[in-house]
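Numbering (full-length UniProt numbering), first residue to last: 1 to 255.
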């Protein structure tokens, strides 16, 4: 039993073989997946996937790269979707200082607004953080995100940042980079992450793990992430699979 807690199966990269990709994931022991709807285009396609497959759940929110496109009424739209039985989180939301697509002040407002919505609804949040560690932690603290917690998606920060996130009740999720030969920091952070706060993901079609790096990623490859996590933790693959699946079910309130 494996749980891919962050994937983008509705991406155009899967347009030619989406159902075959989903089948491969099931054949590799992936029993549940969370697809991420992060803007005006991908929220509807994410909901369609979740409604079509019993084992696919949805997270909906507004990505920081797309923050500038958020309009009046979009927050209400997200709130309405959160009442759907397949929606388990608000996300991915956060800050992205790598891609210069939305001004920082706009990103901050959209981030804060969505944390506020999540708090009002009692929903966990899925955090996207690229080159913005200090501001992400500061805003999470200021907006009292510890009241709801959530997931630090594809965690890439230091152990110091990780401890701050753990102290606020967040889980740390790791993907393909922990399989990379020279990815020292994520491996060190994973090694110190408490077992009850550990999650795994693919972020497919991105961040493809070794030995498929450079090719399209897919949910079936979360098995490679689990194998790498097991090696880092000095545990068996079966133990990692069981624990991370249990953590995901509890974190997202899935029975």
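Even for Gly, the Cβ is constructed at its ideal location relative to N, Cα and C.
Beta-carbon contacts of residue i that lie in its chain and below 7 angstroms, excluding the five residues immediately before and after
i	result
residue 106	67, 68
residue 46	10, 35, 36, 37, 58, 60
residue 148	118, 119, 122, 123, 124, 125
residue 139	108, 111, 112
residue 237	226, 227, 230
Coil, strand or helix - residue i by DSSP
i	result
residue 105	helix
residue 120	helix
residue 204	strand
residue 230	helix
residue 100	coil
residue 11	coil
residue 92	strand
residue 56	strand
Sequence-distant residues of its chain with Cβ nearer than 6 angstroms to residue i (five each side left out)
i	result
residue 29	2
residue 96	64, 65, 130
residue 146	168, 169
residue 165	152
residue 243	195
residue 143	112, 115
Terminal residues of the alpha helix (DSSP H) in which residue i lies
i	result
residue 49	42-52
residue 166	159-167
residue 243	237-251
residue 135	133-142
residue 181	Residue 181 -> no alpha helix (DSSP H), and no H or E assigned at all.
Span of the beta strand (DSSP E) around residue i
i	result
residue 26	Taken as a continuous stretch (DSSP letters only), residue 26 belongs to no beta strand (DSSP E), being part of the alpha helix (DSSP H) at 18-27.
residue 35	30-37
residue 4	2-7
residue 170	170-174
residue 130	125-130
residue 78	Run containing residue 78: none in the beta strand (DSSP E); it sits in the alpha helix (DSSP H), 74-81.
residue 70	Looking at the DSSP string, residue 70 is not in any beta strand (DSSP E), and its letter there is neither H nor E.
residue 61	Here residue 61 belongs to no beta strand (DSSP E), and DSSP marks it neither H nor E.
Residue nearest to residue i in terms of C-alpha spacing, selected from the options
i	options	result
residue 25	226, 245, 220	220
residue 192	175, 229, 238, 180	229
residue 136	161, 84, 119, 248	161
residue 196	163, 83, 172	172
residue 180	209, 155, 201, 198	209
residue 250	50, 55, 75, 199	199
residue 21	216, 235, 182	216
residue 90	54, 113, 118, 83	118
residue 156	177, 43, 112	177
residue 110	245, 86, 74	74
residue 55	43, 81, 23	23
residue 186	212, 100, 159	159
residue 94	247, 133, 87	133
residue 50	190, 128, 19	19
Residue burial classification, residue i (beta-carbon count within 10 angstroms, cutoff 16)
i	result
residue 35	buried
residue 122	exposed
residue 252	buried
residue 71	exposed
residue 15	exposed
residue 62	buried
residue 214	exposed
residue 32	buried
residue 83	exposed
residue 80	exposed
residue 100	exposed
Interface flag, residue i vs chain C, CB-CB below 8 angstroms
i	result
residue 58	This model lacks chain C altogether; it includes just one protein chain.
Residues of its chain near residue i, where Cβ-Cβ distance is below 8 angstroms and the 5 sequence neighbours each way are ignored
i	result
residue 201	4, 5, 6, 7, 153, 154, 173, 174, 175, 222, 225
residue 205	8, 11, 13, 14, 216, 217, 218
The ligand COA heavy atom lying under 7 angstroms from the CB of residue i
i	result
residue 29	Among the components of this structure there are no ligands whatsoever, and the ligand COA is therefore not found.
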